[in-house]
Amino acid sequence: LIVEHNEHGSLHSYLVNFHPHLTWTDRYNLAMDIALGLRYLHYKGYRHRHLHSASILIDTNGSAVLSDFGSTRDAEVISSREHPARMGYIAPERLTKNGTRYSIECDIYSLGMVFWEITSGRPPFENQIAACSVEDGSLMNLAQSIMAGRRERPVEGTDPIFEDLYTRCWNSNPLERPSIDWIIQTL
1 LIVEHNEHGS LHSYLVNFHP HLTWTDRYNL AMDIALGLRY LHYKGYRHRH LHSASILIDT
61 NGSAVLSDFG STRDAEVISS REHPARMGYI APERLTKNGT RYSIECDIYS LGMVFWEITS
121 GRPPFENQIA ACSVEDGSLM NLAQSIMAGR RERPVEGTDP IFEDLYTRCW NSNPLERPSI
181 DWIIQTL
């Protein structure tokens, strides 16, 4: 597989380095690039399954490109044992003991968390995840609180349209999350 060089690395790295300097236009453009990439996957019948800021690359022009397609496949049941550092992006229905069928709505949840990260400059639940461990049960406690509806607080100063968009994406009820077409239209 040959991948185009992406000078700025991952979205995570890009936000660490440039977040304070990003305008709302820059943030909307990043969000649109990511949403368009996700829509393309969904139209082809695929789910990303691991959408987070480290699986999105930023090119020389500051455009976002989806990556990490090693586990992208059609909607099938997978293990609920996901990487702990990515817990903040995982839809609550995926955190259940038996896991659930990975759906488009799971990707939409992850997209909402990525959008929140674009406004905050940090991964969702970053501090809580860093303090968690599997051994003492704190990681399970965080998962249970996410399943019970815990989300990051909207970032002060966020454009109200963008805040409404990402909070709709992370709705606890997958059937109430917006479609990718609605998201793109709203952006």
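For the sequence shown, counting from 1, position 62 maps to 62 in UniProt numbering; every step adds exactly one.
Ideal placement from N, C-alpha and C gives every residue a C-beta, glycine not left out.
Could you give the first and the last residue of the continuous alpha helix (DSSP H) run that contains Val114? 104–120
Using C-beta distances below 8 Å, list every residue in its chain close to Arg122, excluding the 5 sequence neighbours before and after it, in chain order. Excluding residues within five positions, the ones whose Cβ falls inside 8 Å are Leu15.
Given this structure, state the Cα-to-Cα distance separating Asp136 from Asn61, to the nearest angstrom. 44 Å
When you compare the CB positions of Leu30 and Ile118, do they come within less than 7 Å of one another, or not? yes
6 Å Cβ shell around residue 193 - same chain, five flanking residues per side excluded: Residue 193 cannot be examined here, being either before or after the span of the chain that is shown, 1 to 187.
Ala143, buried or exposed, once every other Cβ within 10 Å from all chains shown has been counted against 16: Burial call: buried.
Under the criterion of a Cβ to heavy atom distance below 6 Å, does Glu176 qualify as lining the ligand MN? Absent from the structure shown: the ligand MN. Ligands present: none.
Are Arg86 and His48 closer than 7 Å when you measure CB to CB? Not closer than 7 Å, so no.
What first and last residue would you give for the alpha helix (DSSP H) that runs through Val16? 11–18
Using 7 Å as the threshold, is the C-beta distance between Met140 and Leu95 below it? no
Per DSSP, the bridge partner or partners of Ala91: Its beta-bridge partners do not exist; DSSP assigns none.
Status (buried if at least 16 other CB within 10 Å, exposed otherwise) for Asp74: Bear in mind that a pLDDT of 42 at Asp74, under 50, signals an unreliable position, so the number given afterwards is only what the model happens to contain. Looking at its Cβ environment, which holds fewer than 16 other Cβ atoms inside 10 Å, Asp74 is exposed.
Quick one: give me the first and last residue of the beta strand (DSSP E) that Leu66 is part of. Note, Leu66: beta strand (DSSP E), 64–66.
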